[in-house]
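A.B. asks: So that you can map any letter, position 132 of the sequence shown is 132 in this note's numbering, and since no number is skipped, the others follow by simple counting. Heads up, the beta-carbon is just placed ideally off N, CA and C, and yes, glycines get one too.
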Amino acid sequence: MKKIIIYGGKKLHGNINVSGSKNSSLAILASSILFEKKVVLKNVPIVEDIKTMIKLLIYLGKNIKIKRNIIEITNSKKFGKSFIAPYDLVKTMRAGILVLGPLISKFKKAKVSLPGGCAIGARPIDLHLKFLQSIGVKTYIDKGYVISKLNNIKKKNIYRFKKISVGATVNSILASCLISNKIILSNIAIEPEIIDLIKFLKKAGLKIKFLGKRKIEIQGKKNLNQISYDIMPDRIEAGTYMIASAVTNSKLTIKKLNINHVQNTINYLLKANIKVKKINKNSVQIIPGKIKSVSFKTSPYPGFASDMQAQFMSLMNFANGTSKIKEEIFENRFLHVSELNRMGADISIMKNVATIKGIQKLKAAEVMATDLRASVSLVLAGLATRGKTVINRIYHLERGYENLVYKLKNCGAKIKKINV
Ligand code: UD1
1 MKKIIIYGGK
11 KLHGNINVSG
21 SKNSSLAILA
31 SSILFEKKVV
41 LKNVPIVEDI
51 KTMIKLLIYL
61 GKNIKIKRNI
71 IEITNSKKFG
81 KSFIAPYDLV
91 KTMRAGILVL
101 GPLISKFKKA
111 KVSLPGGCAI
121 GARPIDLHLK
131 FLQSIGVKTY
141 IDKGYVISKL
151 NNIKKKNIYR
161 FKKISVGATV
171 NSILASCLIS
181 NKIILSNIAI
191 EPEIIDLIKF
201 LKKAGLKIKF
211 LGKRKIEIQG
221 KKNLNQISYD
231 IMPDRIEAGT
241 YMIASAVTNS
251 KLTIKKLNIN
261 HVQNTINYLL
271 KANIKVKKIN
281 KNSVQIIPGK
291 IKSVSFKTSP
301 YPGFASDMQA
311 QFMSLMNFAN
321 GTSKIKEEIF
331 ENRFLHVSEL
341 NRMGADISIM
351 KNVATIKGIQ
361 KLKAAEVMAT
371 DLRASVSLVL
381 AGLATRGKTV
391 INRIYHLERG
401 YENLVYKLKN
411 CGAKIKKINV
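#1: Quick check: the region 89 to 107 against the region 164 to 178, are there 3 or more CB pairs under 8 Å?
#2: Measure the alpha-carbon distance for residue 74 versus residue 165 and round it to whole angstroms.
#3: By how many angstroms is the C-alpha of residue 65 removed from the C-alpha of residue 228?
#4: Express the C-alpha separation of residue 57 and residue 33 in angstroms, rounding to a whole number.
#5: Can the beta-carbon of residue 111 be found less than 9 Å from the beta-carbon of residue 145?
#6: Here's the rule I'm using: 16 or more other beta-carbon atoms within 10 Å means buried, otherwise exposed. How should residue 62 be labelled?
#7: Evaluate residue 158 with the Cβ neighbour count: other Cβ atoms within 10 Å of its Cβ, from every protein chain shown; 16 or more gives buried, anything less gives exposed.
#8: Since residue 252 and residue 291 are thought to touch, with beta carbons under 8 Å apart, how far apart are those beta carbons, to the nearest angstrom?
#9: Quick one: using the 10 Å Cβ neighbour count with 16 as the cut-off for buried, is residue 160 buried or exposed?
#10: Which residue comes first and which comes last in the beta strand (DSSP E) that contains residue 350?
#11: Is it true that the CB of residue 207 sits closer than 9 Å to the CB of residue 222?
#12: Does the separation of the CB atoms of residue 233 and residue 18 fall below 9 Å?
#13: Once the 5 residues before and after residue 46 are set aside, which same chain residues still bring their CB inside 6 Å of it?
#14: Who are residue 191's beta bridge partners in DSSP?
#15: The ligand UD1 and residue 336: does the residue's C-beta get closer than 8 Å to at least one heavy atom of that ligand?
#16: For residue 137, is the beta carbon positioned less than 8 Å from some heavy atom of the ligand UD1?
#17: Below 8 Å on the Cβ atoms is my guess for residue 353 versus residue 326; work out the distance and round it to an integer in Å.
#18: Measuring only from the beta carbon, is residue 128 closer than 8 Å to any heavy atom that is part of the ligand UD1?
#19: Check the C-beta distance from residue 216 over to residue 179 and give it rounded, since I have them as a contact under 8 Å.
#20: Does the distance from the C-beta atom of residue 5 to that of residue 391 stay below 9 Å?
#21: Roughly how many whole angstroms lie between the Cα atoms of residue 148 and residue 299?
#22: Give the list of continuous alpha helix (DSSP H) stretches no shorter than 4 residues that lie fully inside the region 213 to 277.
#23: Relative to the ligand UD1, is the shortest distance from any of its heavy atoms to the C-beta of residue 191 smaller than 8 Å?
#24: Which partner residues of residue 354 appear in the DSSP bridge assignment?
#25: Throw me the rounded Cβ distance for the residue 250 and residue 12 pair, which I believe falls under 8 Å.
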């Protein structure tokens, strides 16, 4: 089992370069199923979730070449012979469900393993399926697989999502790409990763236009053009390192980010008395201060990202005062609370609200990583706490943070990964 060991309480210094966005890469990699021609993606973070998606694409008949952070995707002779995303390749990564839409669009049929529940909540796919059914796809569940078939596309396709969902928006856009009829989607998610996917598809020749803030019209076409595309920076990774700077009372410069994507995190850091100096549109310097408590609730973009909640909660332990955090996206996304409490934090939970009494100092302890963002919140707590923090089961961290240990070490953190 791999562990991370941190000797914390040290100030950090220097620069951290943000990698490409994991979630944007996952959606765009899934979209490569739509292509006959070559797709080249640059700035892809080579993390475990991306490796799993690559395995899935190879299983579906794609040829994949990886050189550093550049991925080249072409079709092998096998492509088009299988429409199955097997359980073994989907079980560790919920984003496996994102191949459902493009398989339907390309081959009019798909058999994709249900992603199942996960630690942070039930994570159903009803919204994905309801859209597909609305355009005429027959779907049913058999032995843990979603089996889908499109015989006749309905003529008029205007669909409104009952609830905003990132994954259902991605799947619906990708299902619509190669379909000749016009499709209008409303109440879609507008996370920057969705906008990146739309930018990518438009560059490949697809007609997509915004009819309103959360409404798009897609005019599908038979073939997409060969494309080379730069994936956007990972806004959650950028925000995580901003908090690493704040929580260790250090002046780090975070480079290669998109400042517009992290504006919400910057606003809340300002409220917490952490200054963020804009160097240019791709880099900021964090100027730490005496941390103040801040309360917030998570919501779809442009609101406070659920993916930043655990990291901010870690910071709030070092604040002066009490903060309340309401988690409105996932019902069980407080797995980090018991581990932070093991480090001496004073956090209580009532339904989906966590109350954090800022005690300004934690105690180093042995803790367990539970999901991706919970895991990194423990790294942040460990960096800010004197003594030896041991983080067990770091598999989740490796799913989403590229070279985390290396990046932090480079800034003077005493952190190492061991294999026992
Ligand atoms: C994506 C992100 C994840 C992020 C989340 C919310 C990827 C690979 N993952 O996850 O990092 O935390 O968005 O920003 O991009 N829901 C339903 N039915 C559905 C689908 C979702 O009820 O069919 C619910 C979910 O249970 C959740 C909410 O809708 O309560 C939002 O989930 P969704 O936006 O779909 O998250 P993911 O796409 O899974």
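C.D. replies: Answer, in terms of the structure:
#1: With three or more CB-CB distances shorter than 8 Å, the region 89 to 107 counts as touching the region 164 to 178.
#2: Whole-angstrom Cα-Cα distance: 30 Å.
#3: Put simply, the backbone Cα of residue 228 is about 14 Å away from that of residue 65.
#4: Rounded to the nearest angstrom, the two C-alpha atoms are 8 Å apart.
#5: In this structure, the beta-carbon distance from residue 111 to residue 145 falls below 9 Å.
#6: Label assigned to residue 62: buried.
#7: Here residue 158 is exposed: its Cβ has fewer than 16 other Cβ atoms, across all protein chains shown, within 10 Å.
#8: Contact flag wrong, Cβ pair sits at about 15 Å.
#9: Exposed.
#10: First-last of the beta strand (DSSP E) with residue 350: 346 to 350.
#11: Contact: no.
#12: In this structure, residue 233 places its C-beta atom within 9 Å of the C-beta atom of residue 18.
#13: Taking C-beta separations shorter than 6 Å and ignoring five residues to either side along the sequence, residue 46 has no partners in its chain.
#14: Its beta-bridge partners do not exist; DSSP assigns none.
#15: The answer is no for residue 336.
#16: Within the chosen limit of 8 Å, the ligand UD1 does not reach the beta carbon of residue 137 with any heavy atom.
#17: The beta-carbon separation of residue 353 and residue 326, rounded to 5 Å, stays under the 8 Å limit for a contact.
#18: Because some heavy atom of the ligand UD1 lies under 8 Å away, the Cβ of residue 128 counts as near it: yes.
#19: The C-beta separation of residue 216 from residue 179 comes to about 14 Å, leaving the pair out of contact by the 8 Å criterion.
#20: Judged by beta-carbon spacing, residue 391 lies within the 9 Å limit of residue 5, meaning their Cβ atoms are closer than that value.
#21: Between residue 148 and residue 299, the C-alpha separation is close to 31 Å.
#22: If you keep only unbroken alpha helix (DSSP H) runs of at least 4 residues inside the region 213 to 277, you get 235 to 247, 263 to 271.
#23: Yes, the beta carbon of residue 191 sits closer than 8 Å to at least one heavy atom of the ligand UD1.
#24: Residue 354 pairs with 325, 349.
#25: Correct: roughly 4 Å between the Cβ atoms.
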